[in-house]
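Residue numbers (the working numbering): 700 to 1135.
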Amino acid sequence: MFKTVGVLGLGHVGLPTAVGFAELGWWVIGTDSDSAKVASIASGRCPFYEPDLEPLLRKNLSEGRLRVTANVGEAVRESDILFVCVGTPQKPDGSPDLSQVEAVIRVVAENLNGYKLIVEKSTVPVQTAQWIKRTIQRYAGNNAEFDVASNPEFLREGTAVRDFFHPDRIVIGVESERAKEWLLELYKPLNAPIVVTDVNTAELIKHAANSFLALKISFINMIADLCEAVGADVTEVARGIGLDPRIGPHFLQAGIGYGGYCLPKDLKAFIHIAEEHKVDFSLLKEVEKINEARIDKFVRKVQQALWVLKDKILAIWGLAFKPNTDDIREAPSLKIIKRLLDEGANLRLYDPAAMENVKQVFPENPPRLVYCESAIEAATNAHAILIVTEWDEFKQMDWQKVKQAVALPIVVDGRNCLEPRTLREAGFEYYGIGRK
Ligand code: UGA
């Protein structure tokens, strides 16, 4: 049986995975080619905001079950199972850039010192395992002893720690009995349903899952548009259909569309894979088109509320692509900020976690663009408050206090996270998405 688990790549997927396996009691060695990141992790600091991760990182470092090193080769040599958790960003044509996967696999090949089980955890296109096998054989020779398996991750940012310990399923794609046995043993403490399949199927499950989630969001967003046209309420439609277990209540929150590092990129990659294999999956192109149109729809809603946007002061509450993260990759907020600046509005931005990241994209430029210390400060003298990310703190606002701060009591809720009645009773004009 195996002794040590190696985690190659310590980002949003790799770090929770490394910490999680250590907490389950395994010996774990994590590595990343970014030595500054490794130094930060080694000192117990999580390089990004993820609730509950840092205390668990510190605990497992101090108890010695987790070690980190910037020497990727060393991590490979010391491990029996290797989880590939490096980035798979998007190329301009929508296909995934697998250069980080190839680079780390070459290091694996150069450092093989006995049998290794190489497990893809990063989201990769179907048939990537075949390429990993070929690459190792090319660089380490045909006698190299290894297996390649797929074990896609279903961690959500903001709840990655909880998702690691309470997965709704674990998917394992394997080609050998040894690979299957090792992975079943590794995950035994979690007591979750396990789907064991071949490698191609496991790779496909990941893209299919994220594409289906995106499809649900675009579907409910179209229902929201229809609700607006006919005077119905999308939150009630979502509840009415979501109680059907065949549909389910999750991912039916209408709004400004999905963002983040995963859904947009994975959908594009899946469309690309289908095209490469001559399968007409235009359904997914439509999902994407609907999502892209949400930003325009939201800006038009702000215009409907305020008429002219030039020189209006707009408070933007929420910048992260979703709550409980500081991640702004593909965040709808970035596109919204750009559009509103183009319209000549003055923006006052606030987010509990993501402001430093947004400052890198849009440096402060008063009075056009101002970063504020609190939601109330952002609302000061504003002609409207725009809710772009549904952080809990916005749901718990004292609206009387907000009303005293603003110039006009107008709220445009891009995430349908507030109660229209509460806002109207507090004297606000409320605009939601697909709501009365
Ligand atoms: C997503 C998947 O949910 C995870 O299962 C997967 O492991 C991960 O991608 C990945 O591939 O690594 P994540 O990107 O963290 O996780 O975020 P989600 O919770 O899926 O949200 C994605 C976007 O959809 C956010 O912008 C969110 O605001 C939006 N969303 C979500 C909606 O607009 N409506 C909803 O009902 C739900």
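From the three backbone atoms N, C-alpha and C, an ideal C-beta is built for every residue, glycine too.
In this text the structure is predicted, and so the values were computed from the model without any measurement.
Cutoff 8 Å; reference residue i; Cβ partners in own chain excluding five residues on either side
{"i": "Glu777", "result": "Thr703, Gly705 and Ile728"}
{"i": "Arg993", "result": "Asn920, Gly954, Ile955, Gly956 and Pro1031"}
Burial state of residue i, where buried means 16 or more other Cβ atoms lie within 10 Å
{"i": "Tyr957", "result": "buried"}
{"i": "Phe1093", "result": "buried"}
{"i": "Phe911", "result": "exposed"}
{"i": "Gly713", "result": "buried"}
{"i": "Gly947", "result": "exposed"}
{"i": "Gln952", "result": "buried"}
{"i": "Leu925", "result": "exposed"}
{"i": "Ser849", "result": "buried"}
{"i": "Ala923", "result": "buried"}
{"i": "Asn1080", "result": "exposed"}
{"i": "Arg1134", "result": "buried"}
{"i": "Met1096", "result": "buried"}
For residue j and residue i, the rounded distance between their alpha carbons
{"i": "Val978", "j": "Glu874", "result": "26 Å"}
{"i": "Val895", "j": "Asp796", "result": "27 Å"}
{"i": "Asp1148", "j": "Gly1017", "result": "Lying outside 700 to 1135, the shown extent of the chain, residue 1148 is not represented and no answer is given."}
{"i": "Val929", "j": "Lys1021", "result": "29 Å"}
{"i": "Pro715", "j": "Thr827", "result": "23 Å"}
{"i": "Pro746", "j": "Glu753", "result": "9 Å"}
{"i": "Pro966", "j": "Ala973", "result": "Per the sequence presented here, residue 966 reads as Leu, with Pro not at that position. In a straight line, the C-alpha of Leu966 is about 11 Å away from that of Ala973."}
{"i": "Glu1124", "j": "Gln1059", "result": "39 Å"}
{"i": "Ile1084", "j": "Arg938", "result": "27 Å"}
{"i": "Gln959", "j": "Leu811", "result": "In the sequence on display, residue 959 carries Gly and not Gln. For Gly959 and Leu811, the distance between alpha carbons rounds to 35 Å."}
{"i": "Met700", "j": "His906", "result": "31 Å"}
Limits of the alpha helix (DSSP H) - the one that residue i falls within
{"i": "Leu1033", "result": "Pro1031 to Asp1041"}
{"i": "Val775", "result": "Val771 to Glu777"}
{"i": "Tyr886", "result": "Glu876 to Tyr886"}
{"i": "Asp767", "result": "The sequence shown places Val at residue 767, rather than the Asp named in the question. First-last for Val767: Leu765 to Thr768, but that is the beta strand (DSSP E), not the alpha helix (DSSP H)."}
{"i": "Asn909", "result": "Val898 to Val929"}
Other residues of its chain near residue i: CB distance less than 7 Å, five sequence neighbours each side excluded
{"i": "Phe1158", "result": "Coverage of the chain is limited to positions 700 through 1135, which leaves residue 1158 absent and any answer about it impossible."}
{"i": "Asn759", "result": "Val718, Ala721, Glu722 and Leu765"}
Endpoints, beta strand (DSSP E) assigned at residue i
{"i": "Glu1128", "result": "Glu1128 to Tyr1130"}
{"i": "Glu819", "result": "Lys815 to Glu819"}
{"i": "Trp1016", "result": "Ile1012 to Trp1016"}
{"i": "Trp668", "result": "Nothing in the structure corresponds to residue 668, since the chain is present only between 700 and 1135."}
Contact set for residue i: own chain, Cβ-Cβ below 6 Å, skip 5 residues either direction
{"i": "Asp862", "result": "Leu854 and Arg855"}
{"i": "Leu903", "result": "Val825"}
Residue i: CB within 7 Å of a non-hydrogen atom of the ligand ZN
{"i": "Leu854", "result": "Absence of the ligand ZN from the depicted structure is noted, with the ligand UGA being the only ligands included."}
Three or more C-beta pairs below 8 Å linking the segment 981-991 and the segment 823-840
no
Meets three-Cβ-pair contact criterion under 8 Å: the segment 1108-1127 and the segment 1001-1017:
yes
Please confirm if the segment 1046-1053 is in contact with the segment 1070-1089, defined as three or more CB-CB distances below 8 Å between the two stretches.
yes
Between the segment 815-822 and the segment 774-794, can you find at least three pairs of beta-carbon atoms closer than 8 Å?
yes
Touch check for the segment 734-751 and the segment 786-794: three-plus C-beta pairs under 8 Å?
no
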